[in-house]
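Colleague:
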Amino acid sequence: DEASLALILREHPDMHVIPFPEAERLFGEIGFVRANGTDYPAEISNAARLYPHKIKGEGHFVALLRKDGPGELGVEAISKDQTDTLPTGGATRAFSQCNAYAAPVRKRHRDVPDSAFDFFEKIGFEIPAERLYVKGGFVSLDPEPQIPFGAEKLRTLRRGLLLGEIKKDRFEPSQALACAMPTGAFENVIDFPSDSQDVIRYLKCETISVSGENAEAEDGYVLVCTDGFPLGWGRKKGDTIKNRYLPGWRMM
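First residue of the sequence shown: 319, per the working numbering; consecutive thereafter.
(1) Given this structure, state the Cα-to-Cα distance separating Gly375 from Gly566, to the nearest angstrom.
(2) So what's Cys416 in DSSP terms, helix, strand or just coil?
(3) Rounded to the nearest angstrom, what separates Gly550 and Lys522 at their Cα positions?
(4) Let me confirm a value: Cys497 is counted as buried when at least 16 other C-beta atoms fall within 10 Å, else exposed. Which label applies?
(5) Run through the DSSP bridge pairs and tell me what Phe489 is partnered with.
(6) Assign Tyr369 to one of two classes, buried (16 or more other C-beta atoms within 10 Å of its C-beta) or exposed (fewer than that).
(7) Going by DSSP, what residues sit across from Glu333 in a beta bridge?
(8) Could you tell me which uninterrupted alpha helix (DSSP H) segments, each at least 4 residues in length, are contained entirely in the stretch 506 to 558, listed from first to last along the chain?
(9) Please list, in chain order, all residues of the same chain as Phe379 whose beta carbon is under 6 Å from its beta carbon, the five residues on each side excluded.
(10) Along the alpha helix (DSSP H) that carries Ala421, what are the first and last residues, could you check?
(11) In the DSSP assignment, the beta strand (DSSP E) including Ala295 goes from what residue to what residue?
(12) Quickly, what does DSSP pair His378 with across the bridge? List them, please.
(13) Considering only their Cβ atoms, is the gap separating Ser512 from Leu479 smaller than 8 Å?
(14) What does the alpha-carbon distance come out to for the pair Arg553 and His330?
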């Protein structure tokens with residue numbers, strides 16, 4: 319906790335831990351405890367702990383970091399620069415197919431089911447078949463075309479980008495894949511405004527009903543976004559979206 323934060327501050331001197339009085343106001347009486355340590359920079363005292371036996375939910379070590387910049391940019395200017403490049407709706411996004419897996423390729427990689435290859439063909443960034451790695455039913459995309467000699471024997475928690483899981487020859491895309499999606503990288507998209515109650519419902523892992531342009535998305539897996547930014551997956555049938563958001567991330 320403190321050691322990781324101290325390492326960040328040492329390697330990035332333009333980063334600073336700043337106080338967040340709003341969190342202290344909310345949790346001050348039930349779980350807010352200042353982090354401290356004699357071997358750490360004084361500003362680490364601005365971090366905090368929320369103890370699980372005093373709050374509803376899991377315990378957390380939290381810190382709010384701010385990076386120095388060349389000038390004071392207003393929030394409005396930053397927001398405008400970002401939103402000018404965002405699409406106006408999920409169904410109108412430009413999509414360009416990057417992946418096509420012919421029969422010989424699929425035959426060479428028999429550990430990857432056709433359902434996974436079919437899904438990857440709907441993704442707008444390259445997923446080379448030779449970089450796919452399958453272990454324990456999980457499919458990952460190796461970061462390099464060739465793993466260094468002997469490295470395949472190392473025990474690792476995650477190897478590259480986790481693309482999804484194989485369940486009875488059915489491929490289920492991962493939360494990590496959804497978060498890695500750049501704008502326009504998936505053909506079947508549903509997009510909600512960031513101030514929409516549907517965003518809250520989705521983050522709470524609730525089933526969602528869609529209408530208008532969002533209802534035009536095809537049945538099957540959809541990438542659920544807010545203002546163009548991916549949140550996670552959903553499974554559409556008619557005007558209903560069955561939630562596939564990562565349960566461990568559910569908003570309480």
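C-beta atoms are modelled at their ideal positions from N, C-alpha and C, and glycine is treated no differently. None of the values given here were measured: they were computed from a predicted structure.
Modeller: Taking the geometry as given:
(1) Your numbering for residue 375 matches position 57 in the sequence shown. Your numbering for residue 566 matches position 248 in the sequence shown. If you take the alpha carbons of Gly375 and Gly566, they lie about 11 Å apart.
(2) Here residue 416 corresponds to residue number 98 of the sequence shown, with the count starting at 1. Cys416 falls in the coil class under three-state DSSP.
(3) Within the sequence shown, numbered from 1, the residue matching residue 550 stands at position 232. Within the sequence shown, numbered from 1, the residue matching residue 522 stands at position 204. For Gly550 and Lys522, the distance between alpha carbons rounds to 12 Å.
(4) Numbered from 1 along the sequence shown, position 179 holds the residue referred to as residue 497. Under this definition Cys497 is an exposed residue.
(5) As a working note, residue 489 is residue 171 in the sequence shown. Assignment of beta-bridge partners to Phe489 by DSSP yields Ile484.
(6) On the sequence shown, position 51 is the one that residue 369 refers to. Counting the other Cβ atoms within 10 Å of the Cβ of Tyr369 gives fewer than 16, which makes it exposed.
(7) By 1-based counting over the sequence shown, the position of residue 333 is 15. Glu is not the amino acid found at residue 333; the sequence shown has Met there. According to DSSP, Met333 bridges with Lys385.
(8) Runs of the alpha helix (DSSP H) inside the stretch 506 to 558: 515 to 521.
(9) The sequence position of residue 379 within the sequence shown is 61, counting from 1. The answer, listed in chain order, is Asp319, Arg367.
(10) Working through the sequence shown from its first residue, we reach residue 421 at position 103. Taken as a continuous stretch (DSSP letters only), the alpha helix (DSSP H) holding Ala421 covers 421 to 426.
(11) The question about residue 295 has no answer, for the chain in this structure spans 319 to 570.
(12) By one-based count along the sequence shown, residue 378 stands at place 60. In DSSP, His378 forms a bridge with Leu368.
(13) Here residue 479 refers to the residue found at position 161 when the sequence shown is read from its first residue. Here residue 512 refers to the residue found at position 194 when the sequence shown is read from its first residue. Contact: no.
(14) The residue labelled residue 553 in the question sits at position 235 within the sequence shown. The residue labelled residue 330 in the question sits at position 12 within the sequence shown. Each residue's alpha carbon lies about 41 Å from the other.
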